[in-house]
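J.: Residue numbers (the working numbering): 45 to 424.
From the three backbone atoms N, C-alpha and C, an ideal C-beta is built for every residue, glycine too.
None of the values given here were measured: they were computed from a predicted structure.
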Amino acid sequence: MHQSILLALVVITALGFDFTNGFHDTANAMATSIATGALKPKVAVGMSAVLNLVGAFLSLAVAATIASGIVDQNLITLQVVFAGLVGGIVWNMLTWYLGIPSSSSHALIGGVVGAMFVHAGSSAIEWNGVFSKVIIPALLAPFVAGSIAAAATWLAYRLTHNVQAGVKSSSFRWAQVGSASMVSLAHGTNDAQKTMGIITLALVANGTLGKDGVTPTWVIISCAIAISLGTYLGGWRIIRTLGKGLTDIETPQGFAAETSSAAVLLASSHFGIPLSTTQICTGSVVGSGVGHSVPVRWRVFGRMVFTWALTLPAAALVGAASFAGQQAIGGNAGVIVLTIILVGVCGGIYALSRKNAVSANNVNDDWDPSSTPLPSVPAT
Numbered sequence: 045m046h047q048s049i050l051l052a053l054v055v056i057t058a059l060g061f062d063f064t065n066g067f068h069d070t071a072n073a074m075a076t077s078i079a080t081g082a083l084k085p086k087v088a089v090g091m092s093a094v095l096n097l098v099g100a101f102l103s104l105a106v107a108a109t110i111a112s113g114i115v116d117q118n119l120i121t122l123q124v125v126f127a128g129l130v131g132g133i134v135w136n137m138l139t140w141y142l143g144i145p146s147s148s149s150h151a152l153i154g155g156v157v158g159a160m161f162v163h164a165g166s167s168a169i170e171w172n173g174v175f176s177k178v179i180i181p182a183l184l185a186p187f188v189a190g191s192i193a194a195a196a197t198w199l200a201y202r203l204t205h206n207v208q209a210g211v212k213s214s215s216f217r218w219a220q221v222g223s224a225s226m227v228s229l230a231h232g233t234n235d236a237q238k239t240m241g242i243i244t245l246a247l248v249a250n251g252t253l254g255k256d257g258v259t260p261t262w263v264i265i266s267c268a269i270a271i272s273l274g275t276y277l278g279g280w281r282i283i284r285t286l287g288k289g290l291t292d293i294e295t296p297q298g299f300a301a302e303t304s305s306a307a308v309l310l311a312s313s314h315f316g317i318p319l320s321t322t323q324i325c326t327g328s329v330v331g332s333g334v335g336h337s338v339p340v341r342w343r344v345f346g347r348m349v350f351t352w353a354l355t356l357p358a359a360a361l362v363g364a365a366s367f368a369g370q371q372a373i374g375g376n377a378g379v380i381v382l383t384i385i386l387v388g389v390c391g392g393i394y395a396l397s398r399k400n401a402v403s404a405n406n407v408n409d410d411w412d413p414s415s416t417p418l419p420s421v422p423a424t
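1) Thinking C-alpha only, which one of V227, A127, D292 is nearest V334?
2) Are there 16 or more other CB atoms within 10 angstroms of the CB of K86, so buried, or fewer, so exposed?
3) At which residue ranges does the segment 198-278 contain complete alpha helix (DSSP H) runs of 4 or more residues, listed in the order of the chain?
4) Is the segment 147-161 touching the segment 91-98, taking contact as three or more C-beta pairs under 8 angstroms?
5) Which two residues bound the contiguous alpha helix (DSSP H) that contains K86?
6) Between the segment 208-226 and the segment 50-62, are three or more C-beta pairs nearer than 8 angstroms?
7) With DSSP collapsed to three states, give me the class of T291.
8) Helix, strand or coil for I317, going by three-state DSSP, please let me know.
9) I want to know whether the segment 304-314 touches the segment 255-265 - three or more CB-CB distances under 8 angstroms.
10) If the criterion is Cβ atoms closer than 7 angstroms, does the pair D62 and T321 meet it?
11) Going residue by residue through the segment 316-384, where are the continuous beta strand (DSSP E) segments of at least 3 residues, counting only ones entirely within it?
12) Look at S304 and S272 and say whether their C-beta atoms are less than 7 angstroms apart.
13) Of the choices R217, P296, G391, A270, whose alpha-carbon is the least far from that of A236?
14) Measuring alpha carbon to alpha carbon, tell me which residue in E302, C390, G369, G391 is nearest L382.
15) Quickly, what does DSSP pair I169 with across the bridge? List them, please.
16) Would you tell me roughly how many angstroms separate the C-alpha atoms of G375 and F101, rounded to the nearest one?
17) Please classify T121: does DSSP put it in a helix, a strand, or coil?
18) Give the secondary structure of D410 by DSSP, where H, G and I count as helix, E and B as strand, and everything else as coil.
19) Which residue wins for smallest C-alpha separation from G35, given the options G154, S167, G132, A404?
20) Count the other CB atoms, across all protein chains shown, that sit within 10 Å of the CB of A364; report buried if there are 16 or more and exposed otherwise.
21) Starting from T76 and walking both ways along the alpha helix (DSSP H), at which residues does that stretch end?
22) Counting only the same chain and skipping the five closest in sequence on each side, list residues whose C-beta sits under 8 angstroms from that of I144.
23) With C-beta atoms as the reference, is L97 less than 7 angstroms away from A268?
24) Just to confirm, are A185 and Q323 a CB contact at a threshold of 7 angstroms?
If you want it as structure tokens, here you go:
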């Protein structure tokens, strides 16, 4: 396969990942606003799509971290990048089907690390970068966001305890429009950057860019469009889990959770730390429940934490297996077979999801504590 064709395939696959990132992570910005009724479901995802598009142009700090701080640029190849993307996409699709909010960021990083490990060994991984900018922040982010959200929720109710209930609910509902918009904007500044970094890494591997090359404008634009299109589809399965599955949310809680998430996300984008938007927003939702002393469904949260712990190693295993299989077959055939497998897996998961579809019409149905994250509803 001609190198330019392989590069094009890698870029298309990266944009495919960005697309899954969009619908996988719509819940992070809009789940609480949808759950409280501050925004209608389709209006919410449309607004989120536009703001993700805008946010993608605001910063390149996270893209630089992904492009240079995770694996050795001198040893990267297009085959490694492609196999890593396969790992990230497969994990995104699986957790989307299960309705479990997991980290697209960690899935992508895990996939690339796994493929690189098989390709060039442990020395090709920038372990300091992986620990300092991925693992340690991942451990801290949910607790930091949750603590801020708990304090903000307590304060919101404390300051408005004498306000008439109807006025309070209406005022915070309007405030949620602004806070949810900020989360969407922050999501664009953080998550779209990760695919930009991967495409930049592929361009370096191909020799199109030098090691210190700046992310091209066409990469920024294409990634911004891909994530916004994915967002517009709405990740209804995950929106349902995050908005209804963790705790019962009122408008002051929703506002506090969204404001806390936006603050942490914007700070992480400024410092170039590829935090998991999912973990931040989930922590904020749990914190909003704790701050208002309402029951939190810890069993659902436990499933999420278990999935978070699995994400990096599981995506790394898929990335490693993808690269190993690609190399075992060899040449163009290996790339073609891996592409066919990826398309087949994604198509199969999507087909399964139609048997118990979640849409804008049933995303706010009451949560059944005895159920899995998947509600039993007819396909629409």
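T.: Straight from the coordinates:
1) Comparing Cα positions, the closest option is D292.
2) exposed
3) Secondary structure within the segment 198-278: the alpha helix (DSSP H) runs of 4 or more consecutive residues, fully enclosed, are 209-250, 261-277 (chain order).
4) no
5) 85-99
6) Segments in contact, no.
7) strand
8) coil
9) no
10) no
11) none
12) Taking the C-beta atoms as reference points, S272 is found no nearer than 7 angstroms to S304.
13) A270
14) G369
15) DSSP output for I169 lists V115 as bridge partner(s).
16) 37 angstroms
17) Coil, per DSSP.
18) coil
19) Here the chain comprises residues numbered 45 to 424, so residue 35 is not present and cannot be evaluated.
20) buried
21) Per DSSP, T76 belongs to the alpha helix (DSSP H) from 47-80.
22) I282, T285, R347, M348, T351, P417
23) yes
24) yes
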